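So the structure is just underneath, and the comments pick up after that.
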Amino acid sequence: MTQTTLLERKRKAFIQIKLDALQKKYGCHSEIVKVGKTKYRLDLDKKILTIALIEYFERGVLKLSKKSIAEKLLIDSYNNFYTKFGNLSEEGEEFMN
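According to the working numbering, the sequence shown is numbered sequentially starting from 44.
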């Protein structure tokens, strides 16, 4: 069994909180997105969100500075994206939109 890093645990917690928020809001893990004048239903899951966060958020931060500094910045960011009660913060909502 492999040990997960703090960054992986924070990412996983953030993803679960986002999926829980969608479940409460829509009754499913889907987000409604508007492209032009058309609205689409975007089905999300843990795998999709994990890939998106790594590809479009974490890799960009890791390119900007040393790995140890970048990981600290990412962990701090994930901490700011949700409250201690397990809800998305305003910053987390804004980030995911």
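The beta-carbon is built from N, C-alpha and C at its ideal position, and this holds for glycine as well. Because the structure is a prediction, the values reported are computed rather than measured.
### Message
Let me check one thing: in DSSP terms, what residues is residue 74 bridge-paired to?
### Response
85
### Message
Using C-beta distances below 7 Å, list every residue in its chain close to residue 72, excluding the 5 sequence neighbours before and after it, in chain order.
### Response
Taking C-beta separations shorter than 7 Å and ignoring five residues to either side along the sequence, the partners of residue 72 in its chain run 62, 65, 66, 86, 87, 88, following chain order.
### Message
Excluding the 5 residues flanking residue 53 on each side, which residues of the same chain have their C-beta closer than 6 Å to its C-beta?
### Response
Cβ neighbours of residue 53 beyond the five flanking positions: 118, 121.
### Message
What does the alpha-carbon distance come out to for the pair residue 106 and residue 116?
### Response
12 Å
### Message
Am I right that residue 76 and residue 83 are in contact with their C-beta atoms under 8 Å? What's the rounded C-beta distance?
### Response
5 Å
### Query
residue 116 lies in the alpha helix (DSSP H); which residues open and close that run?
110–123 is the extent of the alpha helix (DSSP H) around residue 116.
### Query
Where does the unbroken alpha helix (DSSP H) through residue 57 begin, and where does it stop?
49–69
### Query
Is residue 1 near residue 58, with beta carbons less than 9 Å apart?
Within the shown structure, residues of the chain are numbered from 44 to 140, placing residue 1 beyond reach of any answer.
### Query
Alpha carbon to alpha carbon, how far is residue 44 from residue 114?
Any answer about residue 44 is weak, because its pLDDT of 48 lies below 50 and its placement is not dependable; what the coordinates show is given next. Whole-angstrom Cα-Cα distance: 23 Å.
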